[in-house]
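As structure tokens, the structure follows; a few thoughts come after it.
In this note's numbering, the protein residues as written are 345 to 433.
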């Protein structure tokens with residue numbers, strides 16, 4: 345698995361507590377509406393506050409031997425027959 349994390353600082357332009365969204369302005373001037381997680385107490389923030397957003401992404405890759413796959417997973421065609429799987433005879 346490979347994971348990456350970075351942080352972005354933004355300024356709060358508006359807060360919609362009912363819909364749990366906020367409009368943020370980033371350092372490049374762009375604004376974006378973002379959804380706020382349920383565990384964040386929106387009453388702690390006000391327009392003009394700076395906030396730090398932590399973004400984490402992960403990628404996981406599974407490598408399998410296609411020759412063995414059909415033995416363990418019903419419904420998959422045997423090796424060499426992939427082209428005929430799912431087609432009417």
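Just so you know, even glycine gets a beta-carbon here, dropped at the ideal spot from N, CA and C.
This one's a predicted model, so the numbers in the text were calculated from it and none came from an experiment.
Here the alpha carbon of residue 384 sits roughly 32 Å from the alpha carbon of residue 405. The beta carbon of residue 369 is closer than 7 Å to those of 354, 355, 357, 375 in its chain, skipping five residues each way along the sequence.
For residue 357, the enclosing beta strand (DSSP E) covers residues 346-360. With fewer than 16 other beta carbons inside 10 angstroms of its own, residue 362 counts as exposed. Secondary structure of residue 388 (DSSP, three-state): helix.
Taking C-alpha positions only, residue 408 is separated from residue 398 by approximately 33 Å. Nearest to residue 380 by alpha-carbon distance, out of 359, 410, 392, 349, is 359.
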